[in-house]
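Read the structure below first, then the notes.
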Amino acid sequence: MSDRPPREPRRPGSRPPFTSRPGAPGAPRWAKGGSGGQGKGGGKPPSWAGADDVALLYGWHTVAEAIGNPKRHFRRLRATENAIHRLAEEGLTPPIAPEIVRPGDIDKLLGADAVHQGLLAEVDHLPSPRLKDIAKTDLVLVLDQITDPHNVGAIVRSAAAFAVSAIVTTARHSPAATGVLAKSASGGLEHVPFCLVTNLSRALTELKDNGMLVVGLDSEGPADLEDTPMRAPLALVLGAEGKGLRQLTRETCDVLARIDLPGAIKSLNVSNAAALSLGMARRVMKRA
Numbered sequence: 001m002s003d004r005p006p007r008e009p010r011r012p013g014s015r016p017p018f019t020s021r022p023g024a025p026g027a028p029r030w031a032k033g034g035s036g037g038q039g040k041g042g043g044k045p046p047s048w049a050g051a052d053d054v055a056l057l058y059g060w061h062t063v064a065e066a067i068g069n070p071k072r073h074f075r076r077l078r079a080t081e082n083a084i085h086r087l088a089e090e091g092l093t094p095p096i097a098p099e100i101v102r103p104g105d106i107d108k109l110l111g112a113d114a115v116h117q118g119l120l121a122e123v124d125h126l127p128s129p130r131l132k133d134i135a136k137t138d139l140v141l142v143l144d145q146i147t148d149p150h151n152v153g154a155i156v157r158s159a160a161a162f163a164v165s166a167i168v169t170t171a172r173h174s175p176a177a178t179g180v181l182a183k184s185a186s187g188g189l190e191h192v193p194f195c196l197v198t199n200l201s202r203a204l205t206e207l208k209d210n211g212m213l214v215v216g217l218d219s220e221g222p223a224d225l226e227d228t229p230m231r232a233p234l235a236l237v238l239g240a241e242g243k244g245l246r247q248l249t250r251e252t253c254d255v256l257a258r259i260d261l262p263g264a265i266k267s268l269n270v271s272n273a274a275a276l277s278l279g280m281a282r283r284v285m286k287r288a
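Residue numbers (UniProt numbering): 1 to 288.
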C-alpha cells in the first residue's frame, strides 16, 4: 500500500470535518450571558488521500480502545517499536499485524504537532444504530449542528463517562467520527456510537413516540436543568455555540431547561455544558 497521506472521509454534501467553521461569537443558548468559544485542538490536521469509508485513529487511548473493540475492522496499523512493546505490556493484541515505522514516518502523515504516541490506524467506521433500538435505552445525547470536531470529540468522551448509549446527530452539518474528533474522544468512540439521521426534528419525534422524554438545553428554559423533572428513557439535546437549538428543534422538545451558573462567567464551552448536563441528568434520574 502507498504511504501517501490518507484523505479525510467526507459525507456527500457535508463540510470537510477538519475545516469546519468556528462557531459565531455570543452566549450559548443553554447559559445566561457571556460569550461562547470553540474548543482548541492539537496540531495541523492530516492531509488525507485514501478511501472515503476509512476512519483515521491515532494516539494511545484512541487506538488501544479500538483494538479492544471486536466491532472495529482494522485495515492498516502503523506502530513504532515502543508502541508495540507497550501494547504487549498492556495485553493488547492488534487484530492485524502492525507495520513497524519510525515516529517521524507518522509525523509526515499527521503533521509534527499531532500527538500520535506511535500509533496510527486506518479502520472502518462503526455502524449507526437504529433510532428504535436506542429509544429503548435510558440516556441518549442529541447534537443539533455542532460542527467543531474537537468539541464533538470531547462530548463523546463525556458521553462515554456517563454511560450514554448513543449520540444522535445529522449526517450533514456534523464532523465525521475520525481524526481530530477521534483523538479528542480519547477512545470514547468505541463505547458511544453515532446514530446518523437525515432530519433531526423527525428523529426527535420518533424518539418521543417510542417513549423517550426529550429535554432541550436553552437559555430560555423555564427552570434550571437540575430542577427539571427527568426520567428514563431520556434524550438531552444540545445546540451549537452562538446559535443554540434551531427553532424546529426547540419546538419538538418536550421541555426546555437552562443551566444557571453562579459565577462571574455565565457561559460554558459546549463540551463542558454537555458534561455538566449529563451529570445533572444522571443525578435527577437517580432520584426519580
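Glycine included, C-beta positions come from ideal geometry on N, C-alpha and C.
Endpoints, beta strand (DSSP E) assigned at residue i
| i | result |
| --- | --- |
| residue 213 | 213-217 |
| residue 188 | Unbroken run through residue 188: none, as it is neither H nor E. |
| residue 248 | Taken as a continuous stretch (DSSP letters only), residue 248 belongs to no beta strand (DSSP E), being part of the alpha helix (DSSP H) at 247-252. |
| residue 234 | 234-239 |
Residue closest to residue i, alpha-carbon to alpha-carbon, out of the options
| i | options | result |
| --- | --- | --- |
| residue 212 | 233, 65, 80 | 233 |
| residue 286 | 218, 162, 121 | 162 |
| residue 273 | 254, 238, 243 | 238 |
| residue 277 | 208, 128, 246, 228 | 228 |
| residue 201 | 98, 253, 60 | 253 |
| residue 137 | 165, 110, 112, 125 | 165 |
| residue 191 | 68, 207, 175, 215 | 68 |
| residue 257 | 219, 93, 76 | 219 |
| residue 231 | 172, 123, 110, 284 | 284 |
| residue 174 | 188, 207, 76, 196 | 196 |
| residue 99 | 58, 77, 180, 91 | 77 |
| residue 96 | 75, 81, 108, 89 | 75 |
| residue 352 | 92, 140, 265 | Nothing can be reported for residue 352: it is not among the residues displayed for the chain, which extend from 1 to 288. |
| residue 193 | 72, 58, 249, 265 | 72 |
| residue 124 | 79, 109, 63 | 63 |
| residue 54 | 248, 176, 282, 288 | 176 |
Sheet register partners of residue i (DSSP bridge)
| i | result |
| --- | --- |
| residue 76 | 122 |
| residue 169 | 196 |
| residue 309 | No answer is possible for residue 309: it lies beyond the span of the chain, which begins at 1 and ends at 288. |
| residue 258 | 224 |
| residue 244 | 240 |
| residue 55 | 123 |
Extent of the continuous alpha helix (DSSP H) to which residue i belongs
| i | result |
| --- | --- |
| residue 64 | 60-67 |
| residue 142 | It is not in any alpha helix (DSSP H) - residue 142 instead sits in the beta strand (DSSP E) that spans 139-144. |
| residue 153 | 149-161 |
| residue 275 | 270-287 |
| residue 266 | Here residue 266 belongs to no alpha helix (DSSP H), and DSSP marks it neither H nor E. |
| residue 131 | 131-134 |
Rounded straight-line distance, which links the Cα of residue j to that of residue i
| i | j | result |
| --- | --- | --- |
| residue 35 | residue 270 | For residue 35, the pLDDT reaches just 30, beneath the cut-off of 50, and the residue's location in the model is therefore unreliable, although a value from the coordinates is still provided. If you take the alpha carbons of residue 35 and residue 270, they lie about 11 Å apart. |
| residue 267 | residue 261 | 8 Å |
| residue 40 | residue 150 | Unreliable positioning characterises residue 40 in this predicted model, as indicated by a pLDDT of 36, which lies under 50. A coordinate reading is not provided. |
| residue 106 | residue 87 | 17 Å |
| residue 25 | residue 243 | For residue 25, the predicted model reports a pLDDT of 33, less than 50, meaning its position is unreliable and no value from the coordinates is stated. |
| residue 199 | residue 170 | 7 Å |
| residue 217 | residue 178 | 27 Å |
| residue 60 | residue 222 | 43 Å |
| residue 204 | residue 66 | 30 Å |
| residue 112 | residue 259 | 39 Å |
| residue 263 | residue 160 | 28 Å |
| residue 280 | residue 226 | 6 Å |
| residue 208 | residue 122 | 37 Å |
| residue 188 | residue 168 | 15 Å |
| residue 299 | residue 236 | The question about residue 299 has no answer here: the residues shown for the chain are numbered 1 through 288. |
| residue 79 | residue 251 | 49 Å |
| residue 94 | residue 128 | 24 Å |
Inset, instruction - Flag this pair as touching only if the region 111-125 and the region 138-154 have three or more C-beta atom pairs under 8 Å; answer yes or no. - result: Judged by Cβ distances under 8 Å, the region 111-125 makes no contact with the region 138-154, as fewer than three pairs qualify.
Inset, instruction - Determine, using beta-carbon pairs with one atom in the region 170-188 and one in the region 152-159, whether at least three such pairs fall under 8 Å. - result: At 8 Å Cβ cutoff, the stretches touch.
Legend entry - the region 128-135 in contact with the region 70-90 per 3-pair CB rule at 8 Å: no
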